[in-house]
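Enquirer: Chains as they are written, first to last, in my numbering: chain R, 3 to 291; chain S, 3 to 236; chain C, 194 to 536.
Using N, Cα and C, we set each Cβ at its ideal position, and we do this for glycine too.
1) For the stretch 279-362 of chain C, which segments carrying the alpha helix (DSSP H) assignment without a break, of at least 4 residues, lie completely within its bounds, in sequence order?
2) Verify the CB distance criterion: does residue 151 of chain R have a CB-CB separation below 9 Å to chain C?
3) From residue 209 of chain C to residue 45 of chain R, what does the alpha carbon distance come to, in whole angstroms?
4) Hey, out of C/289, C/311, C/235, whose CA is closest to residue 283 of chain R's CA?
5) State yes or no: is the beta carbon of residue 495 of chain C nearer than 9 Å to at least one beta carbon in chain R?
6) Taking DSSP as the reference, what is the three-state secondary structure of residue 536 of chain C?
7) Between the stretch 293-307 of chain C and the stretch 134-145 of chain R, do three or more beta carbon pairs fall short of 8 Å?
8) Quick check on the DSSP output: the beta strand (DSSP E) that includes residue 38 of chain S runs from which residue to which?
9) Under 9 Å, Cβ to Cβ, is there at least one residue of chain S near residue 174 of chain R?
10) Can you look up residue 125 of chain R in the DSSP assignment and give me helix, strand or coil?
11) Would you mind telling me which residues of chain D sit closer than 9 Å to residue 180 of chain R, beta carbon to beta carbon, in chain order?
12) What did DSSP end up calling residue 219 of chain S once you bin it into helix, strand or coil?
13) Mind reading off the beta-carbon distance from residue 104 of chain R to residue 498 of chain C? Whole number of angstroms is fine, and I expect it under 8 Å.
14) Taking 8 Å as the cut-off, does the stretch 65-77 of chain S touch the stretch 4-12 of chain S (at least 3 CB pairs, one atom from each stretch)?
15) What is the residue span of the alpha helix (DSSP H) that residue 78 of chain S lies within?
16) How is residue 14 of chain S classed by DSSP in three states: helix, strand or coil?
17) Taking the alpha carbon of residue 288 of chain R as the reference point, which residue from R/193, R/233, R/117 has its own alpha carbon closest?
18) Identify every run of the beta strand (DSSP E) within the stretch 86-118 of chain S, keeping only runs that are complete inside it and at least 3 residues long; order them along the chain.
19) Closest by CA to residue 126 of chain S, which one among S/78, S/202, S/154, S/145?
20) In terms of residue numbering, what span does the alpha helix (DSSP H) encompassing residue 30 of chain S cover?
21) By alpha-carbon positions, which one of R/5, R/197, R/245, R/252 ends up nearest to residue 102 of chain R?
22) Enumerated in chain order, which unbroken segments of the alpha helix (DSSP H) with a length of 4 residues or greater are wholly contained in the stretch 139-174 of chain R?
23) Against chain R, with Cβ distances strictly below 9 Å, would residue 420 of chain C count as a contact?
24) Comparing alpha-carbon positions, which option in C/273, C/297, C/480 lies nearest residue 345 of chain C?
25) Please classify residue 139 of chain S as buried or exposed, where buried requires at least 16 neighbouring CB atoms within 10 angstroms.
26) Assuming residue 211 of chain S is part of the beta strand (DSSP E), what are its boundary residues?
27) Please classify residue 160 of chain S: does DSSP put it in a helix, a strand, or coil?
28) Can you list the residues of chain R that residue 314 of chain C reaches, using a CB-CB cut of under 9 Å?
29) My guess is that residue 41 of chain R and residue 244 of chain R are in contact by the Cβ rule of under 8 Å, so how many angstroms apart are they, rounded?
30) Report, in whole angstroms, the separation of the C-beta atoms of residue 270 of chain C and residue 328 of chain C, which I expect to be a contact under 8 Å.
31) State the start and end residues of the unbroken alpha helix (DSSP H) segment that holds residue 252 of chain C.
32) Just mark residue 21 of chain S as buried or exposed, buried being the case when its beta carbon has 16 or more other beta carbons within 10 Å.
33) Taking residue 80 of chain S as the query, report the chain R residues whose CB atoms sit under 7 Å from its CB, ordered along the chain.
34) In this structure, how does DSSP classify residue 136 of chain R when only helix, strand and coil are distinguished?
35) Against residue 156 of chain S, what residues of chain R qualify as contacts under a CB-to-CB distance less than 7 Å, listed in chain order?
36) I'd like to check one pair, residue 87 of chain S with residue 159 of chain S: are the Cβ atoms closer than 9 Å?
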């Protein structure tokens, strides 16, 4: 019986990788422009459907479809930021919130219109069922790959943020928009690039999500919430914190499901609310909300 | 006289409904150092914000090398070769000293200034290159702010109240560095509340009062009384 | 400069006095609806009232108190479920049960607020959504209320509202009308009160409000709890009309939050008139476009985004800007007894 528990904890850790990828994209744009994108979850589902269309139209394996889906989502992100979201940014939090909420409803219903409400899945083939044996416990290769990808994505974002000229620009614009402009940085472009990067990560999360479980247009909101919970648990502004937050959430959900299948998602929320109650700024905060 | 580098023609500037500048006429030639003096609230910083594009103006009100730049964004103006050392230094707190300097140079204009040259000018910054900019003293932060602007290799440097809040000995060391900075033919506009300091390093000056030019001339030409009158409006 | 005697400060204007009279006339007409309206019209009006109540409450929360919630469905569903629980297991009369549901909705909002008020701005918004999800998942676990598939209100309870169907429909129509009058009165009186003025100050400038010594947290907390209670009350009425409840319907983010937000944004956020205009526009659009199904929601979303970007004060803002009228007199204006020579 205890093997089941260890197994569900390991599965939870690996699932946390997916949540961390969702959270990292959310955290990135909040860090650069203080924008919380309510449509983030729906964009993940959009990416999964794009993957579905690309994979079936070109006969590609879902992970190969990333070569198309990632740049397409990045371009969508840049365009969305330049055309719509840049016009919502001011001291007032209401416009970005309501506009991204509107986008969420538009994307969700647009997907419903095009793809119907029927659940879909990306065919992961052999990778979907393959597993490796670690100390007597069977670990699926796909969840493992997903987790490793999340670690690489977060390490990559961390490197961009703290080791490159682009990251310097992100931090400068985040610190002081006016003075950043004086340095020749066009903040509208910098924001566009940040959103492009965020949606590139969203594309990865969407494809992995679609390979792991079935999806339909209505589940975006739920993914947004998981990502958000991972951000808050880990601590605002801390990219590695999102990985910790994602893992805690994934483990909580899997333990909840182990106790009672109906408690899976609820257990995650309860752990989130508990951490909010005892550590309102998350476990490893780096900045204030 | 050669064509001026920068010309302001009847420049007005507004913050929402509040008008801060009224019909300012101003010019500066290549290689010239011009001082702007005036009391608090006279419009000196607004003038700097207008020239550098943080406040948008009518296109024709500001011309630079014969080009109308009044309506351009701050980043576009920076690319033309105008750099501002803003009032209160305004370093980027999440960037290290070196990163603050590097971001100043990210426009990629060529010229004499490089990271090594800045460290030569202000050696203390080299020792502290990896520190957070917030950990420096006020004077050192001002050095970073000046270095950050120089890294853009500007043709026109705008210095807004660089001595504000600093100890006299620090102010002296910063002003001692000024000849090295403008020696290479760079033009500079120096905004100061300290009249004698401003006049000692400039060849011409403008005095602002309540958003208007109240007096202008050669830095050595005016009597103290005339300047006081223009400065305080009494 | 005018001397003190030259002017008076007034709240009401000719438009607002006319609006008050028209409002009373419309109210009498609406109370008498069973005399002139058909069954379908009354059902539509009843639904319109409930949406207007939700929209006015959300507007008070987001437009005045700066608490942008995307989780008000938590309280709609809570009120609905409590109506079912209190009548089925508590044996309460449905009307009483709805009242109790409202009180309990306010009560549960207290610990919820203590928790989610730790989040600021947009994160607060998502926090409210998490709470709504917790409510939904919890009620889905309660098997005596039908678990995930929900349950229907037993016939005996339905009959206890009124003996015949016509009387029941009239009762629920009048209750919805009564609710919307109550909500509008609460919002209006609240905004005219000292606390209400404080709210407007918060919205316009949080820093200024705090420097005036207004306890922002306390005011926001009160607004949150009061709107939660009234939203739960509305939820009870909604599900008394529907007679069937399920977790997905009770805690639907689309039905009880997305539509409501669109109504307020289109009508004009931060005004009392906005939600009224928005509700009328929403129901008019729905009559024409509802056949389009999901396209209708997309259209609403696009319209709301365009309004947010191009006319953030909504339709009412445009009207007010053009004609300077205000139906609910909230702002003070100065009337000079002599003509103003400077203008």
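Expert: According to the structure data:
1) 287-309, 314-334, 348-354
2) Locating residue 151 of chain R in the first chain gives position 149, where the first residue counts as 1. It does not: the Cβ of residue 151 of chain R has no partner Cβ on chain C nearer than 9 Å.
3) Translated into positions along the third chain, residue 209 of chain C becomes position 16. Translated into positions along the first chain, residue 45 of chain R becomes position 43. So the alpha carbons of these two residues sit roughly 46 Å apart.
4) Translated into the one-based positions of the first chain, residue 283 of chain R becomes position 281. Of C/289, C/311, C/235, the residue nearest in Cα terms is C/311.
5) By 1-based counting over the third chain, the position of residue 495 of chain C is 302. Yes, its Cβ sits closer than 9 Å to a Cβ of chain R.
6) Within the third chain, numbered from 1, the residue matching residue 536 of chain C stands at position 343. Its pLDDT being 34, under 50, residue 536 of chain C is placed unreliably in this model, and the coordinates cannot settle the point.
7) Because the criterion of three Cβ pairs below 8 Å is not met, the stretch 293-307 of chain C and the stretch 134-145 of chain R do not touch.
8) The residue given as residue 38 of chain S occupies position 36 in the second chain. Per DSSP, residue 38 of chain S belongs to the beta strand (DSSP E) from 35-39.
9) If you number the first chain from 1, residue 174 of chain R lands on position 172. Taking Cβ atoms only, chain S reaches closer than 9 Å to residue 174 of chain R, which makes this a yes.
10) Translated into the one-based positions of the first chain, residue 125 of chain R becomes position 123. Note: residue 125 of chain R maps to coil in three-state DSSP.
11) Considering every chain present, this structure includes no chain D. Its protein chains are R, S and C.
12) Your numbering for residue 219 of chain S matches position 217 in the second chain. Strand, per DSSP.
13) Translated into positions along the first chain, residue 104 of chain R becomes position 102. Translated into positions along the third chain, residue 498 of chain C becomes position 305. With a Cβ gap of about 4 Å, residue 104 of chain R and residue 498 of chain C count as contacting.
14) yes
15) In the second chain, residue 78 of chain S corresponds to position 76, counting from 1. From DSSP, the alpha helix (DSSP H) with residue 78 of chain S extends over 76-82.
16) The residue given as residue 14 of chain S occupies position 12 in the second chain. If DSSP states are grouped into helix, strand and coil, residue 14 of chain S belongs with the strands.
17) As a first step, residue 288 of chain R is located in the first chain; it is residue number 286 there, counting from the start. Nearest of R/193, R/233, R/117 to residue 288 of chain R, Cα basis: R/233.
18) none
19) Translated into positions along the second chain, residue 126 of chain S becomes position 124. Nearest C-alpha to residue 126 of chain S: S/145.
20) Here residue 30 of chain S refers to the residue found at position 28 of the second chain. Not the alpha helix (DSSP H): residue 30 of chain S falls in the beta strand (DSSP E), residues 20-30.
21) Start at 1 with the first residue of the first chain, and residue 102 of chain R comes out as number 100. That would be R/197, whose Cα lies nearest to the Cα of residue 102 of chain R.
22) List check, alpha helix (DSSP H) in window: 143-165.
23) Your numbering for residue 420 of chain C matches position 227 in the third chain. Taking Cβ atoms only, chain R never reaches closer than 9 Å to residue 420 of chain C, which makes this a no.
24) The residue given as residue 345 of chain C occupies position 152 in the third chain. Of the listed residues, the one whose Cα sits closest to residue 345 of chain C is C/273.
25) As a working note, residue 139 of chain S is residue 137 in the second chain. Answer is exposed; the Cβ neighbour count stays below 16.
26) Residue mapping note: residue 211 of chain S aligns to position 209 of the second chain, counting from 1. Boundaries of the beta strand (DSSP E) harbouring residue 211 of chain S: 206-211, taken from the DSSP string.
27) To locate residue 160 of chain S, count along the second chain from 1; it is residue 158. Three-state DSSP puts residue 160 of chain S in a strand.
28) On the third chain, position 121 is the one that residue 314 of chain C refers to. Chain R residues near residue 314 of chain C: 36, 38, 95, 99, 291.
29) Taking the first chain and counting its residues from 1, one reaches residue 41 of chain R at position 39. Taking the first chain and counting its residues from 1, one reaches residue 244 of chain R at position 242. At roughly 19 Å, the Cβ-Cβ gap does not stay under 8 Å, so residue 41 of chain R and residue 244 of chain R are not in contact.
30) One-based indexing of the third chain puts residue 270 of chain C at position 77. One-based indexing of the third chain puts residue 328 of chain C at position 135. Yes, they are in contact, since the Cβ atoms of residue 270 of chain C and residue 328 of chain C sit about 6 Å apart, within 8 Å.
31) The residue given as residue 252 of chain C occupies position 59 in the third chain. No alpha helix (DSSP H) holds residue 252 of chain C; DSSP gives it neither H nor E.
32) Here the question's residue 21 of chain S lines up with position 19 in the second chain. By the 10 Å Cβ count, residue 21 of chain S comes out exposed.
33) By 1-based counting over the second chain, the position of residue 80 of chain S is 78. What residue 80 of chain S touches in chain R: 184, 185, 186.
34) What you label residue 136 of chain R is simply residue 134 of the first chain in a count that begins at 1. Residue 136 of chain R falls in the strand class under three-state DSSP.
35) As a position in the second chain, residue 156 of chain S is number 154, starting the count at 1. What residue 156 of chain S touches in chain R, judged by beta-carbon distance under 7 Å, is nothing: the nearest beta carbon there is about 11 Å away.
36) Residue mapping note: residue 159 of chain S aligns to position 157 of the second chain, counting from 1. Residue mapping note: residue 87 of chain S aligns to position 85 of the second chain, counting from 1. Yes, these two residues count as a Cβ contact at 9 Å.
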